[in-house]
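Everything below concerns the one structure shown next.
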Amino acid sequence: MLEKKEDRQFTIFWIHPTKGQLKRFHLSWSALLLGALVLVVGVGLGVGGVLWYQSRIKKELCLTMEKMEEAQRNAAVLEAQKKEQEEKLQQLAQETEAVIKELETLRELDEKVRGVLEKDLQSRFQKLGIDLSLSSVSVPSYIPLDRFLGEPYVPLGMGGPERLSSFSLVRDSPPPASSDQDLGFGRQAKALEDNLSWMRAETLARKKSLEEVVEVAQQRDRLLYVVPMRWPTWGRVSSNYGWRNDPFTGRRAWHTGVDIAAPTGRNVVATAEGKVVFTGWNGNYGRCVIVRHQFGYETVYGHLSKILVNTGEVVKKEQIIGQVGSTGRSTGPHLHYEVRRYGSVINPWPHLP
Ligand SMILES: [Zn+2]
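Under this note's numbering, the first residue of the sequence shown carries the number 25, and numbering increases by one thereafter.
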């Protein structure tokens, strides 16, 4: 220690404020320098640390800001997408409404067609006691039961006109209410679903209706073929069905058919498909042909000059069976045409359209 006396020293005196003791500290230059160095390095480290921390915070802040901006951008995109989807849904709802209107027009047309067909059937067959009619003039839209039972929809098999028993008739089911501009996404989707459901039911109803119309129209064609429903020859009606003055006796007598005056040799045709059950001379009828048809009908063709079919032959509708003549109890060439049903003579006029 003594050798180091030459080292220049600082001496610090310190007096205790209350006890009055004097204390002395010696500090060498090298210690002072070391202390200063330690201080400078410490301060430098501290400042550096603060700066580094600050920059880190700043960086994180920037990152957070960027993320927030991105989130905002994403939200805007989502919002735009949502709006676009809502618009599409709206458009779709409007388009389905247009289809619904068309379907309603179809239903009106369907009802018209069914009405015309039914009227024809009534005027032709129902007054004859032949039961051919549509199930109803109007077919309302109906919704398959599965919609209520929650079971998967299985289309009915094709075939004859099925009765609507497997369906729940919704007689007063109007199309779903038109979609509102302000409807929310969920309600719009629901409205669209309702529209589609109604459209499906309505389409199915029209399909069933048309199938029935086709089948009944085909049956009508068949009936027109097998039930006497045309004139047997062309000419003037010279004597009507019913009471008349007998041309031979002058007395009132019941005439069992219509007389159609026509020249000898004019063709006489079968008024419907049937089986020839009589050919030959038949008393007052002269040369006569009798044809038996379905539904208990028979047609009688009298006073023929020529018979062109044989007993037991099946004749088509409009097939030539003979020629007009004046055989039997006749005052001149004419055809006596008679219609019988279940063995009794009936008024032929409903069979002469
Ligand atoms: Zn007659």
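Note that beta-carbon positions come from the ideal geometry of N, C-alpha and C, so glycine has one too.
Quick caveat, the model's predicted, so the values are computed rather than measured.
Apart from the five residues on each side of it in sequence, which residues of its chain come closer than 6 Å, Cβ to Cβ, to residue i?
i, result
"E226", "L127, S165"
"F172", "Below a pLDDT of 50, predicted positions are generally treated as unreliable, and F172, at 40, falls in that range; the measurement from the model is reported next regardless. If we look at F172 and ignore the five residues flanking it on each side, it has no Cβ neighbours."
"T335", "V300, T303"
"Q78", "none"
"W53", "R32"
"P41", "none"
"S189", "Confidence at S189 is low in this model, with a pLDDT of 31, below 50, so the placement of that residue is unreliable and no value is reported for it."
Taking 7 Å as the cut-off, is the C-beta of residue i nearer than that to any heavy atom in ligand 1?
i, result
"S350", "no"
"H279", "yes"
"D283", "yes"
"H360", "yes"
"S329", "no"
"S157", "no"
"S147", "no"
"S263", "yes"
Could you tell me which residues DSSP puts in a beta bridge with residue i?
i, result
"A338", "Rather than Ala, the amino acid found at residue 338 in this sequence is Val. V338 is bridged to K299."
"S79", "Paired residues: none, contrary to the question."
"A277", "R268"
"F37", "R48"
"T323", "V315, V363"
"A285", "R260, H358"
"K330", "Q347"
"N371", "In DSSP, N371 forms no bridge with anything."
"V292", "G346"
"W305", "R311"
Relative to the C-alpha of residue i, which candidate in the options has its C-alpha closest?
i, options, result
"R290", "A99, N264, Y325", "Y325"
"D23", "W258, T323, E235", "Lying outside 25 to 377, the shown extent of the chain, residue 23 is not represented and no answer is given."
"I331", "C312, G320, V338", "C312"
"S162", "N264, R230, F49, Q146", "R230"
"L248", "N371, N264, E342", "E342"
"Y366", "G336, Q318, N98, S354", "Q318"
"S233", "I124, G72, G352, R131", "R131"
"L145", "K340, T355, D245", "D245"
"R224", "G68, V123, Q96, W76", "V123"
"P256", "V137, L152, V293", "V293"
"H360", "L46, Y309, L58", "Y309"
"L141", "E94, G274, A241", "A241"
"W305", "W373, G68, G352", "G352"
"S147", "M253, Q96, V65, E337", "M253"
"E362", "T280, L376, P377", "T280"
"W373", "L85, S263, E103, Q105", "S263"
"G259", "L376, G72, W222", "L376"
"I154", "Q105, Q243, L116", "Q243"
My guess is that residue i and residue j are in contact by the Cβ rule of under 8 Å, so how many angstroms apart are they, rounded?
i, j, result
"L51", "F34", "4 Å"
"S159", "Q150", "S159 to Q150, Cβ: 14 Å. No contact."
"E322", "V250", "13 Å between Cβ atoms; not a contact."
"V315", "V282", "About 16 Å separates the two Cβ atoms, so there is no contact after all."
"T120", "L220", "7 Å"
So, for residue i: in the same chain, excluding its five sequence neighbours on each side, which residues have a beta-carbon less than 8 Å away from its beta-carbon?
i, result
"P357", "A285, A286, P287, T288, H327, S329, V348, G349, S350"
"R364", "Y321, E322, T323, V324, I370"
"L113", "F209, Q212, A213, L216"
"T355", "P271, F272"
"K83", "none"
"I345", "V292, V293, A294, V300, V313, V315, Y325, I331, L332, V333, V339"
"I39", "Q45, L46, K47"
"E110", "F209, Q212"
Leaving aside the five residues before and after residue i along the sequence, list all residues of the same chain whose C-beta is less than 7 Å from its C-beta, in chain order.
i, result
"V137", "V237"
"R276", "W267, N269"
"D196", "Bear in mind that the predicted position of D196 carries a pLDDT of just 41, short of 50, making it too unreliable to give a figure here."
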